[in-house]
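The structure appears right after this line, and notes come after that.
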Amino acid sequence: MKLSSWNVNSLKVRLPQVIDWLRLNQPDVLCLQETKLQDEYFPADEIAEAGYHAIFSGQKTYNGVALLSKDNTCTDFCTVLPGLDDPQKRIIAATYNDIRVICVYVPNGERVDSDKYLYKMKWLKALTSFLQEERKHHSNIVLLGDFNIAPADSDVYDPPAWEEKVLCSMPEREAFQQLLATGLSDSFRLFTQPPGTYTWWDYRMMGFRRNHGLRIDHILISTAMVPACTGCWVDIAPRKLERPSDHAPITVELSF
DNA sequence: ATGGCCAGCATCGCTGGA
0 MKLSSWNVNS LKVRLPQVID WLRLNQPDVL CLQETKLQDE YFPADEIAEA GYHAIFSGQK
60 TYNGVALLSK DNTCTDFCTV LPGLDDPQKR IIAATYNDIR VICVYVPNGE RVDSDKYLYK
120 MKWLKALTSF LQEERKHHSN IVLLGDFNIA PADSDVYDPP AWEEKVLCSM PEREAFQQLL
180 ATGLSDSFRL FTQPPGTYTW WDYRMMGFRR NHGLRIDHIL ISTAMVPACT GCWVDIAPRK
240 LERPSDHAPI TVELSF
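Residue 0 is where the first sequence starts when you use numbering that gives the first Met the number 0, and the numbers rise one by one after that.
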């Protein structure tokens, strides 16, 4: 089975690209971030025509997450991060065939000296606690989405320029390691990858053409799933389209 | 040169993203 994650930066704008991508790639689950849609406007019918069931948690203008799946029998649907009274729609989780799928849109943080950075760190701490709890109930966990963290300098096109900047700062990288310490592996790093593989490129300054990118979208799998993991890759094709999202989708493949 | 682009909302300029 295949699970994918894509920050679409407005599902309204990107819907045709998402539908095309689903038809072409046929993931079992596609997790979306930054849908930027209130639930009453979610394009469930168009997505159903492509053969996918959708659950979603959105709001006006900002944030918003969704899980699209071929399987329409998910259970334990959840859209809140316990311990955090957060009006921002940044998490959606559901269980598909004994696999716990947790889709997240981690706050950006803006700058390391901003209040949004403190909110980001608080959010990550609550997420780690949530994973510790989820681990007690599920052995097969996939935590995927836009983490807004480049875990290492090899995930950054220009490490000196980004040193201790938001997305690359040590506290953020430590928070990422704390997530892994709950019993998760970065599936991307289980395989040899082409150097300079990223998931986000700035719209400005011809960021994509110059491959000025960061790897900030991730698929983390519980250790029990590692032997079944057969691949993880980033598909940069959608980033080359007209009116692209600034993120590319990432996919993990599992032998069940 | 610390900007540049993009989406949304509400208009013709701002916020937020990363």
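Note that beta-carbon positions come from the ideal geometry of N, C-alpha and C, so glycine has one too.
Quick caveat: nothing in here was measured; it's all calculated off a predicted structure.
Check: Exposure label - Gly50; buried when at least 16 CB within 10 Å; Outcome: exposed
Check: Secondary structure of Tyr197, DSSP reduced to three states; Outcome: coil
Check: Glu45 in three-state terms, based on DSSP; Outcome: helix
Check: Alpha-carbon to alpha-carbon, Gly144 and Ile90; Outcome: 9 Å
Check: Same chain, Cβ closer than 6 Å to Thr78, five either side skipped, listed in chain order; Outcome: Ser56, Ile91
Check: Three-pair Cβ contact test at 8 Å for the stretch 205-220 versus the stretch 179-195; Outcome: yes
Check: Spatially closest choice to Val113 from Glu48, Val165, Thr196, by CA coordinates; Outcome: Looking at the sequence itself, residue 113 is Ser, so the reference to Val does not match. That would be Val165, whose Cα lies nearest to the Cα of Ser113.
Check: Coil, strand or helix - Asp70 by DSSP; Outcome: coil
Check: Residue range of the unbroken alpha helix (DSSP H) whose run includes His246; Outcome: First-last for His246: undefined, no H or E at that position.
Check: Bounding residues of the alpha helix (DSSP H) (the contiguous stretch that carries Gln16); Outcome: 10-24
Check: Residue from Phe76, Asp70, Leu142, Pro81 whose Cα sits closest to the Cα of Tyr104; Outcome: Leu142
Check: Meets three-Cβ-pair contact criterion under 8 Å: the stretch 1-15 and the stretch 233-250; Outcome: yes
Check: Beta-bridge pairing of Phe187 - partner residues as DSSP gives them; Outcome: In the DSSP output, where bridge partners are listed per residue, Phe187 has none listed.
Check: Closest by C-alpha distance to Tyr156, when choosing among Lys69, Val225, Leu21, Tyr197; Outcome: Tyr197
Check: Secondary structure of Arg89, DSSP reduced to three states; Outcome: coil
Check: Of the residues Gly195, Ala160, Asn147, Arg134, the one placed nearest Ala223, counting alpha carbons only; Outcome: Arg134
Check: Proximity of Cys228 and Leu189 at Cβ, strictly below 8 Å; Outcome: yes
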